[in-house]
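Undergrad: Per numbering that gives the first Met the number 0, the sequence shown starts with residue 0, numbered consecutively.
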Amino acid sequence: MNLEEAKVIIMNECGEGWIGLVNQIYERIPEGVVITEIFQKYGKLVTRFEPDAKEYEPFQLFLNDIEFRSETMCEKCGGDASLYAIEGWTYTRCALHSEDGIDLNNLPKDT
Ligand SMILES: [Zn+2]
0 MNLEEAKVII
10 MNECGEGWIG
20 LVNQIYERIP
30 EGVVITEIFQ
40 KYGKLVTRFE
50 PDAKEYEPFQ
60 LFLNDIEFRS
70 ETMCEKCGGD
80 ASLYAIEGWT
90 YTRCALHSED
100 GIDLNNLPKD
110 T
């Protein structure tokens, strides 16, 4: 898929907070690589590509880094975020966009 298609998917599934990350991914695509899937899973931005070849390992590592960074960015606004459980689903959101979900990184401790 091309950049525009990827942006539409992420805008619909998540929000504009991760569009900067999507742009960075497309700026770094090695020649010969095609993005096959881009989606939110457990609050992370996950990207799949083809072909799965050894020479594209650095690109995979870059995508892992993007995934890692998406965990700290609100998918709605790009602000500082935490992982929230909202109606049974997991999202990376800032406090403003947490919709009264449960902050999974700051759960009350059992004593
Ligand atoms: Zn936000």
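Every residue, glycine too, gets a C-beta built ideally from N, C-alpha and C. Owing to the predicted nature of the structure, the values given are computational and were not obtained by experimental measurement.
1. Give me every residue whose Cβ sits closer than 7 Å to any heavy atom of ligand 1, in chain order.
2. Buried or exposed: which applies to Tyr41, given that a residue is buried once 16 or more other Cβ atoms fall within 10 Å of its Cβ?
3. With distances taken between CB atoms, is the gap from Leu62 to Ala84 smaller than 7 Å?
4. Thinking C-alpha only, which one of Met72, Ile101 and Leu82 is nearest Trp17?
5. Between Arg92 and Asn1, what straight-line distance do the alpha-carbon atoms span, to the nearest angstrom?
TA: Result, derived from the coordinates:
1. Gly16, Cys73, Lys75, Cys76, Gly78, Ala80, Arg92, Cys93, Leu95 and His96
2. exposed
3. no
4. Met72
5. 26 Å
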